[in-house]
Structures are given as structure tokens and as C-alpha cells.
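As C-alpha cells, the structure follows; a few thoughts come after it.
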DNA sequence: CGTGTTAGTTAGAAGCTCTAACAAGAGTAT
DNA sequence: ATACTCTTGTTAGAGCTTCTAACTAACACG
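Protein chains in written order, with my numbering: chain A, 1 to 235; chain B, 236 to 470.
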């Protein structure tokens with residue numbers, strides 16, 4: 001229903017664009033985004049270099065498309081992991097587990113989003129929207145967990161610094177303006193993000209190689225520390 | 236004393252190498268390592284492109300030199316922050332604070348080490364050595380904190396996952412083989428690294444821009460969470 | 001004062017992104 | 001059915017990159 005009847009021209013155009021992106025992903029997976037070559041893609045497809053510029057204005061536009069695809073895929077993955085009926089802790093654990101699997105399945109895809117930004121490159125607005133959507137899933141879970149715990153311990157701040165951060169977030173929550181979650185939920189969602197990203201990004205960049213321990217256990221510990229302690233870890 | 240009497244040739248050579256690296260750092264700071272151009276550096280220095288290849292075998296070797304410089308500088312910074320006589324918590328707090336300042340002072344320098352690795356690039360052994368040196372500072376602090384706390388709570392594992400990680404690290408500690416710190420100290424040192432890196436890397440990559448909160452407070456909270464709770468934060 | 005090493009040069013190969021100008025096909029309108 | 005337009009491909013080429021080859025000039029040393 002989404003794809004109305006399209007003229008064969010635009011059908012062909014979209015098909016070629018997808019084929020170009022497929023080759024681009026293969027290159028990204030092999031050598032990383034910085035080494036992506038439009039010329040090489042054209043050669044692989046049996047067409048001439050400049051022909052690609054009919055489908056993408058320039059290299060940056062192609063990379064932007066890849067970035068958006070990655071964000072969309074990550075967003076879908078998180079959404080699929082967070083089963084609506086499940087208790088919040090289970091959802092958080094499922095998302096944490098899915099996040100790492102998603103990153104390890106294609107490290108360069110993860111780095112395309114969270115790695116070194118390209119020099120003059122600015123992320124498109126849709127990327128921000130998609131990132132916000134993932135944040136909403138986290139906020140939903142933490143808000144629900146907070147509500148269940150009532151006024152009891154639950155996710156209350158664990159230190160003076162956390163209290164100060166909560167106060168600050170209560171006043172600076174532009175990114176979660178239209179979400180009813182309390183400041184402590186914002187803090188915990190941010191912490192979920194930074195702690196899990198901390199482990200994943202060092203792992204995919206290879207900083208743990210040669211150290212001899214299993215990053216999965218470190219990841220599990222960090223997942224636990226952000227309240228993502230369900231039973232889905234070994235699925 | 237370290238620099239013995241050198242012939243004018245090697246003196247000149249080293250001087251030019253340093254000048255090249257200085258220009259390279261300027262380029263890295265401006266546009267990031269991926270856009271570093273040997274040709275542009277040569278033009279800035281008023282010499283011809285291929286002349287640079289007398290001083291660096293190729294682009295990778297220059298980047299490797301920059302990476303090593305960055306590691307050396309980071310190592311020195313951490314060592315300088317951890318004042319020997321201070322209590323371990325104070326040293327950890329000072330290192331945490333110095334780490335963030337070091338990263339924000341030159342974001343691209345941080346990304347050169349911890350960002351997306353270059354495709355075919357392998358970090359030189361000396362980089363690993365320097366990274367291990369920083370780890371030793373952390374292990375020293377956590378081991379000392381552990382000893383002070385005796386068998387009491389202190390830095391004991393906070394969850395089942397942490398206990399499992401401790402057990403695993405006790406058996407897989409190749410990276411800290413010659414350090415007497417207990418497994419819990421290894422765990423806490425790793426956590427120091429991943430949690431602080433999680434915040435810093437997202438901040439320098441610009442993922443917090445537009446969200447409207449102050450990353451410094453999030454960083455302070457994470458510093459606290461790894462036992463780096465001294466009074467040096469606002470120095 | 002020769003002699004060998006070293007630092008620079010220019011020329012050029014092979015790659016890249018991207019623009020300009022042109023040929024040929026596909027779809028559409030008359 | 002014919003004519004027209006729009007799109008997709010082509011080749012040529014500018015300008016950038018890394019990096020090699022061959023050559024010259026200067027410097028340090030025996």
C-alpha cells in the first residue's frame with residue numbers, strides 16, 4: 001500500500017539505487033566508510049564511473065543514505081527487541097542484547113553511526129529523529145520501571161553527582177520534551193546509552209583484542225548496572 | 236642526557252620530521268585524520284610533494300607517528316594527574332578529570348586513538364605498551380583502594396554479573412599478568428575505561444549536541460560511579 | 001680535495017571525485 | 001504512428017590524491 005503504482009522509470013531508478021547501496025555496504029563492511037569508492041562500485045556494476053552521479057549527487061549523499069539505512073535498521077532492531085507486554089527490565093535486557101548483536105554483526109555499520117564523524121559531514125535531521133525514537137523506547141521502559149517501584153528505592157539517584165544530574169536534566173530536557181518520564185529516567189536512559197556504547201565501541205574498534213578476556217561478560221555486567229537484567233541474554 | 240651529540244644531518248632530519256608532524260597535527264585538528272594530505276603539508280612547507288617521502292615512508296607511517304604521539308601525551312597526562320601521595324579515590328578523580336579535558340582540548344586527537352580505526356591499519360606495539368601503562372595507573376589505584384577497604388564492602392562486586400566477570404577475569408588476566416591487583420580491581424579499571432570513554436566518545440563525536448544538557452554533569456556522575464569521587468573536578 | 005650519502009627536484013603512473021558535453025534509448029503527447 | 005522530451009548512459013578532462021623513478025645539487029667526512 002505504501003508503494004503506489006510507479007512508472008517503470010522510477011521503478012528502475014529505485015532498483016539501481018538499491019543495487020548501488022548494496023555494493024556500497026559490501027565495501028563499507030570490507031574496508032570501512034572512509035575507503036568507499038564510487039568508481040570501484042561502478043566498475044563492479046559494469047557501468048562507467050560518472051554514471052553513478054545520476055543516482056547520487058556525490059559521495060556524501062551516498063554515505064548519508066547508508067547512515068540513514070543504518071539508523072533505520074538499528075531503530076527497527078531495538079523496537080523488535082522490546083516486546084510491548086514484557087516487564088521493563090526484560091525489555092531493557094532484550095534491547096541491550098540486541099544492540100550488541102547488531103553491532104558485532106557489522107562493526108563498520110556501527111562505526112558508521114557512532115565512530116569518527118566525517119570531516120565536513122552533518123547528520124541529516126531524520127537521523128536525529130530515529131535516534132530520538134530509540135531513546136523513547138528506553139524512556140518508556142525506565143518510566144514504567146520507576147512507576148512500578150513507586151516512591152521506593154527503584155531507580156533513585158545513587159550518588160550526589162547523580163542527584164545533581166537529575167536536577168540538571170529536570171531543567172534541560174529539550175531532547176525528551178514530549179515524554180512524561182521523570183528526570184531520573186532520563187538519567188538512566190542516557191547511562192544505558194553511554195555505558196553500553198562504551199563497551200561496544202571499544203570492542204568493535206579492537207581495543208580489547210590481545211587482552212585475553214571475553215567482552216561479552218563485561219557487557220553483561222554493564223547491562224546489569226543499567227537495570228537491564230532479564231533472562232534473554234543467551235538467546 | 237638522552238640526546239647525545241648528533242651529527243648536524245640527523246639534527247636537521249629530526250627537526251624537519253617534527254615540523255612535518257606539526258603541520259600534520261594542524262590538519263588533523265582542522266579536518267580529522269582521514270583528510271590528512273601529505274601533498275598539502277609539503278605545499279605549506281614550501282617543498283615539493285615527494286620530498287616528504289624522505290622523512291616518512293608513506294601516509295600510514297606519518298599517522299602511526301601521530302597516534303604514538305597522542306598515546307604518549309595521554310599517558311603523560313594521566314601520570315601527571317595521578318599524584319603519587321594522594322589517596323586512590325583522589326587519583327582516580329584527577330585522572331578522570333584530566334582525561335576529559337585532554338579529549339575536549341583536541342577532539343580529533345582523541346578520535347585518532349579511540350575513533351574508527353583506519354582500514355588496513357594495525358596499532359604499533361608501542362601503542363599497546365603505552366595503553367597498558369595507563370591501565371597500570373588505574374590498577375594501582377583500585378588495588379590500593381581495595382587494600383584499604385580490607386575485606387569490607389569496598390569495591391566488591393555489585394551484582395551476579397559482576398561476580399561472574401570477576402571469576403572470568405581471575406582466570407583471563409593476560410593484559411594484567413604482572414600486576415598484583417585482584418580481579419575486582421581489574422573489573423573496576425575496565426569499567427573506569429569503558430564508562431568514561433562511553434561519555435567522552437559520544438560527546439566528541441557530537442551525539443549530545445542539540446540535546447540541551449551539559450555532558451560535564453553526566454561525566455561527573457559516571458566518574459562517581461567508578462569510584463573517582465575526589466574534589467578536583469572543578470580545577 | 002675526492003667521494004659517498006642525503007635532500008631536494010621534476011616526470012609520471014594510477015587512483016580518486018566530480019563536471020561538461022554529447023549520443024541513444026524510453027516514455028509521453030499529439 | 002510520429003515527434004518530442006526527459007533520462008540514462010557514454011567519453012573527455014580538470015584537479016586532486018599517494019607514491020615511484022630518475023636525476024641533480026649540496027653537504028659531511030676521510
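Quick reminder that beta carbons are idealized off the backbone N, C-alpha and C, glycines included.
Item	Value
Residues that residue 260(B) contacts on chain A, provided the C-beta gap is smaller than 7 Å	The premise fails here: residue 260(B) is roughly 15 Å from chain A at the closest Cβ pair, so nothing lies under 7 Å.
Inter-stretch contact (C-beta, 8 Å, three-pair minimum) for the segment 340-359 of chain B and the segment 23-32 of chain A	yes
Same chain only: Cβ atoms within 6 Å of residue 426(B), ignoring 5 sequence neighbours per side	461
Local conformation of residue 236(A) per DSSP, three classes	Absent from the structure is residue 236(A), since the part of chain A shown begins at 1 and ends at 235.
Element boundaries [alpha helix (DSSP H), containing residue 351(B)]	Looking at the DSSP string, residue 351(B) is not in any alpha helix (DSSP H), and its letter there is neither H nor E.
Neighbour-count burial assignment, residue 215(A), 16 or more Cβ in a 10 Å radius	buried
Neighbour-count burial assignment, residue 288(B), 16 or more Cβ in a 10 Å radius	exposed
7 Å CB neighbourhood of residue 286(B) in its chain, flanking five on each side removed	277
Under 8 Å from the C-beta of residue 446(B): neighbouring residues of chain A	174, 175
Residue interval of the alpha helix (DSSP H) (run including residue 255(B))	243-266
Through-space distance from residue 290(B) to residue 469(B), alpha-carbon basis	For residue 469(B), the pLDDT reaches just 44, beneath the cut-off of 50, and the residue's location in the model is therefore unreliable, although a value from the coordinates is still provided. Rounded to the nearest angstrom, the two C-alpha atoms are 43 Å apart.
Exposed unless 16 or more other CB atoms sit within 10 angstroms - verdict on residue 242(B)	exposed
Exposure label - residue 436(B); buried when at least 16 CB within 10 Å	buried
Sub-7 Å separation of residue 132(A) and residue 223(A) beta-carbons	no
Own chain, CB closer than 8 Å to residue 244(B), minus 5 neighbours either side, in chain order	none
Outcome for residue 1(A) when other beta-carbon atoms lying within 10 angstroms are tallied against a minimum of 16	Since pLDDT at residue 1(A) reaches only 47, below the 50 mark, its modelled position is unreliable, and no value is offered.
Touching by the beta-carbon criterion (3+ pairs, under 8 Å), the segment 178-197 of chain A and the segment 86-101 of chain A	yes
Option nearest residue 440(B) by Cα separation, candidates 398(B), 464(B), 396(B), 346(B)	346(B)
Rounded straight-line distance, which links the Cα of residue 339(B) to that of residue 420(B)	28 Å
Own chain, CB closer than 6 Å to residue 179(A), minus 5 neighbours either side, in chain order	139
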